[in-house]
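In UniProt numbering, the protein residues as written are 1 to 186.
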């Protein structure tokens, strides 16, 4: 029997959630996670009536690793927000995001994220347009993540956070997922 957790880029992820996404993209269809598939993924997330930090980071990984339809992505993110959010350190939600040190990192759910990447996404949705990250915006974010054709684990997990925190167009999401497959680890 395999472990409940799967180590991905240095972080323990919920194997059931990752496996549900793997199953969704290998079946019939266009290789994207549909709303119907997302509902099966969500069952794995909300199986305990709460979403833990590990489950949140696993969902973030899946949204950056697998191609979701825009409707499926929106449905999964919204559904996860409706579940009781469990903080493993039981820190109040108000303190969920905090700056660390000289503001290079921003702590989210116990993980230090690259503030420059998060800020690039904030700027993209605050600028002109419909409040979503477009392909052009995604290319700017990608430049922050993959400088020199390589990305650190911190940059990868920051991107995964941004995939759930910000609204991406289908084209931008798909472009980014494919572009990240070409990036090596630093």
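Each residue gets a CB set at the ideal place from its N, CA and C atoms; glycine is no exception.
Less than 7 Å between C-beta atoms, sequence neighbours within five positions excluded: which residues of the same chain meet that for residue i?
i, result
"residue 6", "13, 15 and 18"
"residue 101", "Because the pLDDT of residue 101 is 47, which lies under 50, any placement of that residue in the model is unreliable, and the question is left without a value."
"residue 145", "117, 151, 155 and 159"
Kindly give me the distance between the Cβ atoms of residue i and residue j, rounded to whole angstroms, as I take these residues to be in contact under 8 Å.
i, j, result
"residue 169", "residue 132", "5 Å"
"residue 161", "residue 113", "6 Å"
"residue 150", "residue 184", "5 Å"
"residue 172", "residue 140", "So it is not a contact: roughly 11 Å between Cβ atoms."
"residue 75", "residue 11", "Actually they are not in contact, since the Cβ atoms of residue 75 and residue 11 sit about 24 Å apart, beyond 8 Å."
"residue 125", "residue 158", "16 Å between Cβ atoms; not a contact."
Just to confirm the assignment, what range does the alpha helix (DSSP H) spanning residue i have?
i, result
"residue 19", "15 to 26"
"residue 65", "53 to 65"
"residue 35", "35 to 45"
"residue 77", "70 to 81"
Tell me which same chain residues have a C-beta within less than 6 Å of the C-beta of residue i, skipping the five on either side of it?
i, result
"residue 174", "67"
"residue 55", "14 and 45"
"residue 94", "Because the pLDDT at residue 94 is just 39, under 50, the model does not fix this residue reliably, and the point stays unresolved."
"residue 39", "none"
Taking the beta carbon of residue i as the centre, do at least 16 other beta carbons fall within 10 Å, making it buried, or is it exposed?
i, result
"residue 152", "exposed"
"residue 106", "buried"
"residue 137", "buried"
"residue 84", "exposed"
"residue 51", "buried"
"residue 103", "exposed"
If you check the beta carbons only, do residue i and residue j fall under 9 Å apart?
i, j, result
"residue 9", "residue 115", "no"
"residue 109", "residue 53", "yes"
"residue 65", "residue 135", "no"
"residue 34", "residue 71", "yes"
"residue 32", "residue 41", "no"
Which residue marks the beginning of the beta strand (DSSP E) containing residue i, and which one marks its end?
i, result
"residue 133", "Taken as a continuous stretch (DSSP letters only), residue 133 belongs to no beta strand (DSSP E), as it is neither H nor E."
"residue 112", "111 to 114"
By Cβ distance below 8 Å, which residues in the same chain neighbour residue i in space, the five residues on each side in sequence not counted?
i, result
"residue 82", "none"
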